[in-house]
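Here the structure comes first, spelled out in structure tokens, and everything after it is commentary.
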Amino acid sequence: MSYRVAVIGDLDTTTGMALAGATYAHVHATKDETLAKLKEFLASDEIGLILLTHRVAEELGFEFRQAMRAKRLLPLVLRIPDKTGYTPKVDELREVIRRTVGAEIMVKKEGE
Amino acid sequence: MAAALAVSPTRMELMKLRKRVGLAQRGHDLLKEKMDALVMEFFEVLRRIQDSRAKALEQLSKAHRALSNCFAVMGTLETMQAARETKRELQLEISTRFIMGITVPAVEVGEVERNAVARGYSLHMTSSELDEASREFERALKLLVELAELEASAFAIAKELEKTKRRVNALEYILIPRLRGALKFIMMRLDEMERENFTRLKRIKAILEERG
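Listed in order, the protein sequences are those of chains A and B.
Residue numbering for the first sequence follows our numbering, starting at 69 and increasing by one per position.
Residue numbering for the second sequence follows our numbering, starting at 67 and increasing by one per position.
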């Protein structure tokens, strides 16, 4: 199956990704609007990848996490930094590792 | 603990329980093996994520720099106009793969980079900065697609890992001790009955000898 790419974020990110060929774009303005758009993207069968800036994801907060838990395997959702390179301090993946495997992993990661 | 499992102390029950313990133990061993395999797979993916993420983020920030340049040279509105004119039809081929019974996505993306003519904006109205920005963003997008695949796999594996771990722990710390407790209870009870019987027989023998 072939899929399209969707972007949600600030103007710079959406413009850049549009130049790169991402089919759908939404410029984040208000939380409700973005949330509705995100739900629409998630429900679409055409979209295989949703790129979302960390800042937007953080602003959506709980609703975003809830949507992530409820979603199917596709579309994939990836959070990316925006033009300021903003990434949250708490790495979600690292959090998952700590929860699933335990503290010993952190030690190993520090050593790498 | 054993009290939680109500059993009648009979030999039949003892045999049944032994079978159950054996089964639970085998299930536990299998699950544990699965967990080890999952952990190995998980680490492999994590290692790849680290590389991939570093590369993708670096490329993305490069792309943003190029875009800022383009904004400065061409003007913001003109750049956005060009973005609207661009052909936006990148296709991803996504299928699913199975790792130890977990579905993970496998994304294939063709050539993301296009030449300036294929992008679709008018060439004589735009500057070369725009071409530059587009190229950088195309490269970034390609890397991000790979990263997305890896991260989705990692999350899927982590979820399964959590589930497996819970099962292993339930078997190891709840079910198996409980069964063993019940087993022990029955064995003690049977031994006790044996001893009771023994003294009873002795006593009867003594009484019979007295009479005779």
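Where a beta carbon is used, it is the ideal one built from N, C-alpha and C, also for glycine.
These numbers come from a predicted model, not from an experiment.
Same chain, Cβ closer than 8 Å to residue i, five either side skipped, listed in chain order
i	result
B/Val173	Leu158, Glu159, Ile160, Val211, Glu212, Ala214 and Glu215
B/Met253	Leu80
B/Phe108	Ala220, Ile223, Ala224 and Leu227
B/Gln125	Glu202, Arg205, Ala206 and Leu209
For residue j and residue i, believed in contact at Cβ under 8 Å, the rounded distance
i	j	result
A/Ala111	A/Tyr92	Contact doesn't hold; Cβ gap of about 13 Å is too wide.
A/His122	A/Tyr71	The pair is not a contact, with the Cβ atoms about 23 Å apart (cut-off 8 Å).
B/Arg154	B/Glu179	No, B/Arg154 and B/Glu179 are not in contact; Cβ-Cβ is about 15 Å, not under 8 Å.
A/Leu146	A/Leu117	7 Å
B/Pro171	A/Leu144	6 Å
B/Met302	B/Ala103	This structure cannot speak to residue 302 of chain B, because chain B is shown only from 67 to 278.
B/Leu256	B/Arg84	Not really, about 13 Å apart at Cβ, beyond 8 Å.
Cβ neighbours of residue i in the same chain (closer than 7 Å, five flanking residues each side left out)
i	result
B/Met140	Thr192, Ser193, Glu195 and Leu196
B/His94	Val234, Leu237, Glu238 and Ile242
A/Gly179	Unreliable placement is indicated for A/Gly179, whose pLDDT of 45 sits below 50; no coordinate value is reported for it.
A/Val124	Ile76, Gly77, His96 and Thr102
B/Asn181	none
Partners in chain A for residue i, counting only beta-carbon separations shorter than 8 Å
i	result
B/Met146	Leu79 and Thr83
B/Lys231	Thr168
B/Gln157	Ser70, Tyr71 and Arg72
Beta-carbon neighbours of residue i, restricted to chain A and to distances below 9 Å
i	result
B/Thr152	Ala86, Leu87, Ala88 and Gly89
B/His130	Asp80, Thr81, Gly84, Pro149, Asp150, Lys151, Thr152 and Gly153
Beta-bridge partners of residue i, as assigned by DSSP
i	result
B/Pro243	Per DSSP, none; premise fails for B/Pro243.
A/Arg72	A/Ile115
A/Gly77	A/Val95
Sequence-distant residues of its chain with Cβ nearer than 6 Å to residue i (five each side left out)
i	result
A/Ala90	Val73 and Val75
B/Tyr187	Ala148, Glu151 and Thr152
A/Asp78	Asp150
Under 8 Å by beta carbon: chain B residues contacting residue i
i	result
A/Ser112	Those do not exist, as A/Ser112 stays about 13 Å from chain B at its closest Cβ, beyond 8 Å.
A/Leu142	Ile160 and Pro171
A/Val164	Ala220, Phe221 and Ala224
7 Å Cβ cut-off: residues of chain B touching residue i
i	result
A/Leu146	Leu210, Leu213, Ala214 and Glu217
A/Gly116	Leu158 and Ile160
List, from N- to C-terminal side, the beta strand (DSSP E) runs of 3 residues or more that fit wholly inside the segment 120–173 of chain A. Within the segment 120–173 of chain A, the complete beta strand (DSSP E) runs of at least 3 residues are 144–148.
Give the list of continuous beta strand (DSSP E) stretches no shorter than 3 residues that lie fully inside the segment 126–214 of chain B.
The qualifying runs are 158–165 and 168–175.
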